[in-house]
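Undergrad: Each residue of the sequence shown is one higher than the last, beginning at 217 in our numbering.
Pasting in a structure now, in C-alpha cells, and then I'll have a few things to ask.
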Amino acid sequence: MNILVTGGAGYIGSHTCVALLEAGHSVIVLDNLSNSNYEVINKIQHLSGKEITFYEMDVTDPLAVSRVFQRHELDGVIHFAGLKAVGESVENPLIYYKNNLVGTLVLAEACLKYHVGRFVFSSSATVYGDNQVPFVESMELLPTTNPYGETKAMSERMLLDISKANSDFAVTLLRYFNPVGAHESGIIGEAPDGMPNNLMPYITKVAKGKLKLLRIFGKDYPTVDGTGVRDYIHVLDLADGHVAAIEGLFKGVNIYNLGTGKGTSVLELLKAFEQANNHVIPYEIVERRPGDIALCYANASKAEQELGWKAKRDLISMCRDAWRFEKNLKD
Ligand code: NAD
Ligand code: UFG
Numbered sequence: 217m218n219i220l221v222t223g224g225a226g227y228i229g230s231h232t233c234v235a236l237l238e239a240g241h242s243v244i245v246l247d248n249l250s251n252s253n254y255e256v257i258n259k260i261q262h263l264s265g266k267e268i269t270f271y272e273m274d275v276t277d278p279l280a281v282s283r284v285f286q287r288h289e290l291d292g293v294i295h296f297a298g299l300k301a302v303g304e305s306v307e308n309p310l311i312y313y314k315n316n317l318v319g320t321l322v323l324a325e326a327c328l329k330y331h332v333g334r335f336v337f338s339s340s341a342t343v344y345g346d347n348q349v350p351f352v353e354s355m356e357l358l359p360t361t362n363p364y365g366e367t368k369a370m371s372e373r374m375l376l377d378i379s380k381a382n383s384d385f386a387v388t389l390l391r392y393f394n395p396v397g398a399h400e401s402g403i404i405g406e407a408p409d410g411m412p413n414n415l416m417p418y419i420t421k422v423a424k425g426k427l428k429l430l431r432i433f434g435k436d437y438p439t440v441d442g443t444g445v446r447d448y449i450h451v452l453d454l455a456d457g458h459v460a461a462i463e464g465l466f467k468g469v470n471i472y473n474l475g476t477g478k479g480t481s482v483l484e485l486l487k488a489f490e491q492a493n494n495h496v497i498p499y500e501i502v503e504r505r506p507g508d509i510a511l512c513y514a515n516a517s518k519a520e521q522e523l524g525w526k527a528k529r530d531l532i533s534m535c536r537d538a539w540r541f542e543k544n545l546k547d
C-alpha cells in the first residue's frame, strides 16, 4: 500500500515508517520538522534499506496537503503529526487546539476529496481520564486534565462523526499507553528538546550525568508502592501495532488500546532500568505533579483478538534500548 505518514520524522512515526517499509509498503512522510530533524529521514532509509518520499510541510496547510494527495495514489494515512507536551498545552492552549484539531480536519477533508478510505489516528490513553483500571475501549471517556488531552478526545469525536457520515472513510483510533524504548540499532529513538517531561527520557539523562537526580512525583498514591503506575510499551511494538491497524480489516470506526496490559510503578521502572543497564539512578521523592493520575494501564485484549497484535517486548528491553539510544546521542 501507499501510505502517507504525517509526523513520520518524530519518535513514534519514525519507528512506524521502518516497520511499514519492512512490511513492504511505500511510505510518504509529511512533517514540518517542528519537533524532529531531517537526519531522521536518512536514518529511516538506512535502517530499512528503502527510499521514502519526504515533504517538509505543515499538516494544517490545506493547499500543501492537497498537492500531496494529488501527486500520490494513497491507500491510507497514519496521522501522527501533532504537539504533545502536556504542560505547554496548559500554557498555550490556542496553539495546541489549532495544530492538533486543524491538522486532523485538513487531512480528513483531503481523504474524502481524494477517496482515501483508511485513516489511522494517534490517540492516547489520556482520553480515559481517571477511569477504573484496566481501561477498556468501550468505557465512557472522562474529561482529561489539560488541553492536549482534549485535542485527542475532540479529534476522536470529529473522526467518528465524519466516518459515520461517510461509509467509505474508515477510521482506526489507536490509544497509546506510555511509549518508551528505541530501535535496537540505537540509531533512532526519543530525543526531546531541553528538559524531558516524561519518565524514561528523564532517567536516561540522569544515567548519562546530564541531570543530577530523578524527582519522583508523589509516593502516596493508592498503588503497589505509592508511586504512579503506567503501562509502558516498547515503541517497536507500538510501530508493529500500526502496521497491523493499517493492514487490518477496514470498515467504520475501530478503537484499540495499544498497551501491554501490565502496570509498572515509577520505582519498579527505575529498578528495571538499573538492572538492565547496571546503573544506579539517584532519586528523591517530591510533591505529586498536578494532573497526574494514580493508575493507568490497558486491557489490551481487543487488539489481540481483532488485529492479531500483541506487545512482545519486556521492560528490560525497553530500558536497554532507551539507554543504548541515549548513549549514542551527541549532546
Ligand atoms: P513527536 O513530537 O516525536 O512527533 C510528532 C511529529 O509531528 C514531529 O516530527 C513534528 O515535527 C511533527 N509535527 C508536529 N506538528 C506538525 C504539523 N503541524 N505539521 C507537520 N508536522 C508536524 O511525537 P511522538 O511521541 O512521536 O507522538 C506522535 C503522536 O502520538 C502525537 O500525535 C502524539 O500526541 C501521540 N501520542 C504520543 C504519546 C507519547 O507519549 N509519545 C502518547 C500518546 C499519544
Ligand atoms: N514521573 C516522575 N518523575 C518524572 C517524570 C514522570 O515521577 O520526572 C512519573 C509521573 O508522575 C507518572 C509516571 O512517572 O506517574 C509517568 O509519567 P510520564 O510523564 O512519563 O507519562 P504520563 O503517564 O504522565 O503521560 C504520558 C504522555 C501523555 C499521554 C499519556 C498517556 O506524556 O502525552 O502518557 O497515558 F497522554
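Backbone N, C-alpha and C fix where the C-beta goes; we use that ideal spot for every residue, glycine too.
This structure is a prediction, so every number in the text was calculated from the model and none was measured.
#1: Does residue 232 come out as helix, strand or coil in the three-state DSSP assignment?
#2: Might you give, ordered along the chain, the residues of its own chain that have their beta carbon closer than 6 angstroms to the beta carbon of residue 330, omitting 5 neighbours on each side?
#3: Going by beta carbon distance, what residues of the same chain come within less than 7 angstroms of residue 280, once the five residues before and after it are set aside?
#4: Which residues share a DSSP beta bridge with residue 395?
#5: Comparing alpha-carbon positions, which option in 339, 301, 345 lies nearest residue 371?
#6: Check whether the Cβ of residue 225 sits closer than 7 angstroms to any heavy atom of the ligand NAD, and report yes or no.
#7: On the three-state DSSP scale, how would you describe residue 462?
#8: Do residue 545 and residue 407 count as a contact pair if the criterion is CB distance below 8 angstroms?
#9: Bridge partners for residue 272 per DSSP, in chain order?
#10: Just the C-alpha distance for residue 517 and residue 347, rounded to the nearest angstrom, thanks.
#11: Under 7 angstroms from any heavy atom of the ligand UFG, does the C-beta of residue 316 make it?
#12: Within 7 angstroms: the Cβ of residue 441 and any heavy atom of the ligand UFG?
#13: Could you please give the first and the last residue of the uninterrupted beta strand (DSSP E) stretch that includes residue 294?
#14: Which value, in whole angstroms, describes the spacing of the CA atoms of residue 224 and residue 296?
#15: For the ligand NAD, I want to know if residue 298 counts as a neighbour, meaning its beta carbon is within less than 7 angstroms of at least one of the ligand's heavy atoms.
#16: How is residue 242 classed by DSSP in three states: helix, strand or coil?
#17: Three-state secondary structure (DSSP) at residue 541?
#18: Looking at the secondary structure, which residues open and close the beta strand (DSSP E) in which residue 358 lies?
#19: In three-state DSSP terms, what is residue 336?
#20: Give me whichever residues DSSP pairs with residue 386 in a beta bridge.
#21: Using the beta-carbon count (16 or more within 10 Å), is residue 493 buried or exposed?
#22: Counting Cβ pairs closer than 8 angstroms, one from the segment 301-318 and one from the segment 253-264, do we hit at least three?
#23: Please report the distance separating the alpha-carbon of residue 473 from that of residue 343.
#24: Given a cut-off of 8 angstroms, decide if residue 441 and residue 415 are closer than it, judged by their beta-carbon atoms.
#25: Would residue 503 and residue 497 qualify as a contact pair, given that the criterion is a beta-carbon distance under 8 angstroms?
#26: Any contact between the segment 436-450 and the segment 394-413? By contact I mean 3 or more CB pairs, one from each, below 8 angstroms.
#27: How would the residue list near the ligand FAD read, in chain order, if you kept each one whose beta-carbon is closer than 7 angstroms to any heavy atom?
#28: Is the CB-CB distance between residue 249 and residue 336 below 8 angstroms?
#29: With distances taken between CB atoms, is the gap from residue 219 to residue 252 smaller than 8 angstroms?
TA: Looking at the coordinates:
#1: Position 16 of the sequence shown, counting from 1, holds the residue named residue 232. Here residue 232 sits in helix by DSSP.
#2: Indexing the sequence shown from 1 puts residue 330 at position 114. Here the set comprises 285.
#3: As a working note, residue 280 is residue 64 in the sequence shown. For residue 280, same chain residues with a beta-carbon under 7 angstroms away, outside a window of 5 residues either side, are 273, 274 in chain order.
#4: The count along the sequence shown starts at 1 and reaches residue 395 at position 179. For residue 395, which the question treats as bridged, DSSP gives the partners 449.
#5: To locate residue 371, count along the sequence shown from 1; it is residue 155. Closest option to residue 371, Cα to Cα, is 339.
#6: The count along the sequence shown starts at 1 and reaches residue 225 at position 9. True, at least one ligand heavy atom lies under 7 angstroms from that Cβ.
#7: Taking the sequence shown and counting its residues from 1, one reaches residue 462 at position 246. DSSP places residue 462 in helix when its eight states are reduced to three.
#8: In the sequence shown, the residue the question calls residue 407 occupies position 191. In the sequence shown, the residue the question calls residue 545 occupies position 329. Going by C-beta atoms, residue 407 is nearer than 8 angstroms to residue 545.
#9: Indexing the sequence shown from 1 puts residue 272 at position 56. DSSP, once it has assigned bridges, lists 247 as partnering residue 272.
#10: Position 301 of the sequence shown, counted from the start, is the residue given in the question as residue 517. Position 131 of the sequence shown, counted from the start, is the residue given in the question as residue 347. Rounded to whole angstroms, residue 517 to residue 347 spans 18 angstroms at the Cα level.
#11: Residue numbering aside, residue 316 sits at position 100 when the sequence shown is read from its first letter. Residue 316 Cβ: outside cutoff for every heavy atom of the ligand UFG.
#12: Position 225 of the sequence shown holds residue 441. No, the Cβ of residue 441 stays beyond 7 angstroms of every heavy atom of the ligand UFG.
#13: For the purposes of this step, residue 294 is taken as the residue at position 78 of the sequence shown. From DSSP, the beta strand (DSSP E) with residue 294 extends over 292-295.
#14: As a first step, residue 224 must be located in the sequence shown, where it is residue number 8. As a first step, residue 296 must be located in the sequence shown, where it is residue number 80. Rounded to whole angstroms, residue 224 to residue 296 spans 7 angstroms at the Cα level.
#15: Residue 298 sits at position 82 when you count from the first residue of the sequence shown. Yes, since a heavy atom of the ligand NAD falls inside the 7 angstroms radius drawn around the Cβ of residue 298.
#16: By 1-based counting over the sequence shown, the position of residue 242 is 26. Strand.
#17: Start at 1 with the first residue of the sequence shown, and residue 541 comes out as number 325. Residue state, collapsed to three classes: helix.
#18: What you label residue 358 is simply residue 142 of the sequence shown in a count that begins at 1. DSSP places residue 358 outside any beta strand (DSSP E), giving it a letter other than H or E.
#19: For the purposes of this step, residue 336 is taken as the residue at position 120 of the sequence shown. Secondary structure of residue 336 (DSSP, three-state): strand.
#20: Counted from its first residue, the sequence shown places residue 386 at position 170. In the DSSP output, where bridge partners are listed per residue, residue 386 has 334.
#21: Numbered from 1 along the sequence shown, position 277 holds the residue referred to as residue 493. Here residue 493 is buried: its Cβ has 16 or more other Cβ atoms, across all protein chains shown, within 10 Å.
#22: By the C-beta criterion, the segment 301-318 is judged not to be in contact with the segment 253-264, since fewer than 3 inter-stretch pairs fall below 8 angstroms.
#23: Counting from one through the sequence shown, the residue named residue 473 turns up at place 257. Counting from one through the sequence shown, the residue named residue 343 turns up at place 127. Answer to the nearest angstrom: the Cα atoms are 11 angstroms apart.
#24: Counting from 1 along the sequence shown, the entry for residue 415 is found at position 199. Counting from 1 along the sequence shown, the entry for residue 441 is found at position 225. Not a contact, by the Cβ cut-off of 8 angstroms.
#25: In the sequence shown, residue 503 corresponds to position 287, counting from 1. In the sequence shown, residue 497 corresponds to position 281, counting from 1. No, the Cβ-Cβ distance between residue 503 and residue 497 is not below 8 angstroms.
#26: yes
#27: The ligand FAD is absent from the structure shown, which contains only the ligand NAD and the ligand UFG.
#28: In the sequence shown, counting from the first residue as 1, residue 249 sits at position 33. In the sequence shown, counting from the first residue as 1, residue 336 sits at position 120. Cβ distance not < 8 angstroms, so residue 249 and residue 336 don't count as in contact.
#29: Residue numbering aside, residue 219 sits at position 3 when the sequence shown is read from its first letter. Residue numbering aside, residue 252 sits at position 36 when the sequence shown is read from its first letter. No.
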